[in-house]
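Everything on this sheet refers to the single structure shown next.
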Amino acid sequence: MSEKINILVVDDEKSVCDLVSNILSEEPFSVETASNPEQAIKFLKSQSANMVITDLRLGKESGLEVIKRGMELQPDIVAILMTGQPTIENAVTVLKLGAYDYLVKPFSEEVLKATVYSGLQKQKLFRENINLKEQLALYKISTAMGSTSDMNQILDMILTTAIREFEADTASILLLDEKSGKLILKASRGIPDYNLTKSLWNLEDKLSTMVINDAQPKIFNQKNLENTDKKINSLISHPLLAKGKVIGVLNLIRSEKLNPFSSGQLQTMGILASKASNILENNKLYEELENTYFSVITTLANAIEARDFYTGGHTERVSRWALTLAKKLNWPDTKIKEVRMGSILHDIGKIGIPDHILNKPAALTKSEFEIMKTHPEIGVRILQGIAFLLPALPYVLYHHERYDGKGYPKNLSGEKIPTAGRLMAIVDTFDAITSDRPYRKNLGYDHAVQEIKDNIGKQFDPEMGKAFLAAWQAGEIEKSPSAFEKTQRIFAGKSEISVESTFLK
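Just so we're aligned: the sequence shown equals residues 17 to 521 in my numbering.
Laid out in structure tokens, this is it:
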């Protein structure tokens with residue numbers, strides 16, 4: 017047994033403590049002694065023990081209290097009772113408390129050693145069984161974590177799993193900020209009232225920094241947590257490593273009501289920390305790649321808009337309003353990402369529309385309009401071969417469909433129109449009304465809002481139309497042009513003043 021084995025011997029007779037201690041000290045054990053329940057319980061609160069051997073009678077007190085409290089503080093501890101009065105009643109009481117066995121005084125050295133080794137073997141098997149169950153649970157959850165790229169979901173899975181599997185009160189993840197080198201709290205779960213105090217966060221920051229500097233996991237129990245909130249019984253902090261570099265820490269806290277963390281749990285936690293580190297690092301790389309893609313497609317969309325001065329800023333405005341409406345409708349984060357992509361690319365098909373139609377300073381003829389109506393399908397043909405952009409296709413293809421079926425290109429109606437198309441129809445129309453066109457000035461926001469109201473159930477999805485109006489009423493639909501639009505207009509030769517006056521008429 018290579019792991020250090022701690023045994024606590026409790027007897028009010030010093031000669032008995034010395035005898036047992038001397039016999040067991042010849043073995044690979046570390047033996048501590050106590051003469052009363054108070055000393056024993058104090059020891060068990062502050063240190064992990066594999067076994068407690070206690071006398072039944074401890075002066076006016078009982079060794080049964082030591083066994084009872086010991087089992088509460090450290091559930092996998094092996095308890096053995098010593099007694100000079102072996103009765104059936106005492107034996108039944110001890111076994112009901114969860115004790116492993118009892119020794120009848122006087123006992124031989126061989127009997128003592130045999131009982132101790134037998135009890136420790138039972139504990140070893142018990143711990144291996146617990147570890148196997150923990151590792152199986154962590155394997156299942158780590159597989160689930162790898163199925164999503166949403167950072168909030170990943171953090172929630174990690175922390176919820178940690179609290180459940182390690183029976184912690186609190187779990188938190190702190191990640192290193194690459195620029196400042198400081199730890200930033202990214203997420204926490206299961207916080208009881210005391211955990212809201214400033215002292216606790218200062219403690220976590222201090223201990224986490226220590227763990228990061230050493231790049232080694234640590235358990236901090238009461239004796240290590242001097243001058244801290246006594247309600248914290250145990251804290252376990254595990255570094256998160258990616259490519260050999262520390263990127264943060266995973267912390268778990270147990271209150272005074274729970275037992276201290278064990279070294280076995282520290283080892284098992286390494287499985288979760290390792291998997292969490294890999295997923296967090298992969299997610300970071302994915303987000304960097306995703307942002308690069310978005311930069312490219314935004315540049316492409318802007319290049320298309322540059323063909324027509326009057327549509328400058330259209331993509332940015334529509335994208336901003338589409339995201340606002342999607343959030344108002346409580347769409348999930350994964351869907352929000354699709355909205356961002358789809359709204360940026362919704363007019364990508366206009367790249368195939370001739371300039372003389374796109375920039376005509378008058379209303380289009382019937383034949384010209386038929387050509388203009390092909391831009392959604394042109395957009396789909398451009399994007400459909402790019403796997404990463406496939407979620408954008410419904411936004412590109414269906415943004416000119418109408419709820420009453422009079423739209424294009426598929427003449428779909430009602431809920432047969434994908435939600436992406438129904439959402440885009442509202443924000444695209446809103447921008448068309450409030451923007452200047454080659455053949456007319458913008459009609460203003462009041463007119464646009466009234467148009468949405470009048471066409472709910474006709475041109476627009478009722479639920480989405482009402483949600484948009486509610487967002488407008490709440491001031492969530494921004495009217496003023498963004499810095500992006502102003503820059504675009506300035507580069508196009510318009511002054512800042514003319515931008516404001518033209519846009520806000």
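Every residue, glycine too, gets a C-beta built ideally from N, C-alpha and C.
These numbers were taken from a predicted model, which means no experiment stands behind them.
Q.
Out of 490, 289 and 268, which one is the CA nearest neighbour of residue 340?
A. 490
(Q) As a quick exercise: from 136, 267, 477 and 296, pick the residue whose alpha carbon is nearest that of residue 281. (A) 267
**Q.** 8 Å contact criterion, which residue 368 and residue 394 should meet: CB distance rounded
**A.** 4 Å
Q. Which partner residues does residue 237 have in the DSSP bridge list?
A. 250
Q. Which value, in whole angstroms, describes the spacing of the CA atoms of residue 399 and residue 334?
A. 19 Å
Q. Which residue comes first and which comes last in the alpha helix (DSSP H) that contains residue 449?
A. 435 to 450
**Q.** Simplified DSSP state of residue 29, which is helix, strand or coil
**A.** coil
Q | Own chain residues within Cβ distance below 7 Å of residue 338, not counting five before or after | A | 355, 359, 439, 440 and 443
Q: Express the C-alpha separation of residue 264 and residue 250 in angstroms, rounding to a whole number.
A: 20 Å
Q: Give me the Cβ distance between residue 417 and residue 437, rounded to the nearest whole Å; I'm assuming they're in contact under 8 Å.
A: 5 Å
(Q) Output needed for residue 10: all residues of its chain with C-beta closer than 7 Å, excluding positions within five of it in sequence on either side, in chain order. (A) This structure cannot settle anything about residue 10, because the visible part of the chain is limited to 17 through 521.
Q) Between which two residues does the beta strand (DSSP E) carrying residue 10 extend? A) In the structure as shown, the chain begins at 17 and stops at 521. Residue 10 is therefore absent and cannot be evaluated.
Q. Just how far apart, CA to CA, sit residue 458 and residue 446?
A. 11 Å
**Q.** Beta-carbon proximity check, residue 115 vs residue 95, cutoff 8 Å
**A.** yes
Q) Hey, quick one: how far does the alpha helix (DSSP H) through residue 393 stretch, first residue to last? A) 391 to 399
Q: In angstroms with no decimal places, state the Cα-to-Cα distance between residue 331 and residue 276.
A: 56 Å
Q: Please report how far the alpha carbon of residue 31 lies from the alpha carbon of residue 49, in whole angstroms.
A: 11 Å
Q. Expressed to the nearest angstrom, what Euclidean distance is found between the alpha-carbon atoms of residue 396 and residue 406?
A. 9 Å
**Q.** Continuous alpha helix (DSSP H) stretch holding residue 48: start and end
**A.** Premise fails: residue 48 lies in the beta strand (DSSP E), 45 to 50, not in any alpha helix (DSSP H).
(Q) Between 415, 98, 408 and 74, which has its C-alpha nearest residue 390's C-alpha? (A) 415
Q: Report the rounded CA-to-CA distance for residue 26 versus residue 79, giving the unit in angstroms.
A: 8 Å
Q: Could you round the C-beta distance between residue 317 and residue 357 to whole angstroms and report it? I think they count as a contact, below 8 Å.
A: Not a contact, Cβ separation roughly 11 Å.
Q | Cutoff 7 Å; reference residue 47; Cβ partners in own chain excluding five residues on either side | A | 23, 25, 37, 40 and 41
Q.
If I follow the unbroken alpha helix (DSSP H) through residue 170, where does it start and stop?
A. 167 to 181
Q. In the DSSP assignment, what residue or residues form a beta bridge with residue 95?
A. 68
**Q.** Outcome for residue 186 when other beta-carbon atoms lying within 10 angstroms are tallied against a minimum of 16
**A.** buried
Q: Answer with buried or exposed for residue 34, where buried requires no fewer than 16 other C-beta atoms within 10 angstroms of its C-beta.
A: exposed
Q: Compute the Euclidean distance between the alpha carbons of residue 463 and residue 451, then round it to the nearest angstrom.
A: 12 Å
Q) When the distance is taken between beta carbons, is residue 253 closer than 8 Å to residue 290? A) no
Q: Throw me the rounded Cβ distance for the residue 373 and residue 384 pair, which I believe falls under 8 Å.
A: 5 Å
Q: Would you tell me roughly how many angstroms separate the C-alpha atoms of residue 466 and residue 173, rounded to the nearest one?
A: 45 Å
Q. Can you tell which of 230, 283, 274 and 269 has the C-alpha that lies nearest to the C-alpha of residue 261?
A. 230
Q.
If you reduce the DSSP assignment to three classes, tell me which class residue 118 lands in.
A. strand
Q: Would you mind reading off the limits of the beta strand (DSSP E) that contains residue 556?
A: Since the first residue shown for the chain is 17 and the last is 521, residue 556 is missing from the structure and cannot be characterised.
Q.
What residue range does the beta strand (DSSP E) around residue 205 cover?
A. 199 to 205
Q | Cα-Cα separation, residue 486 to residue 419 | A | 20 Å
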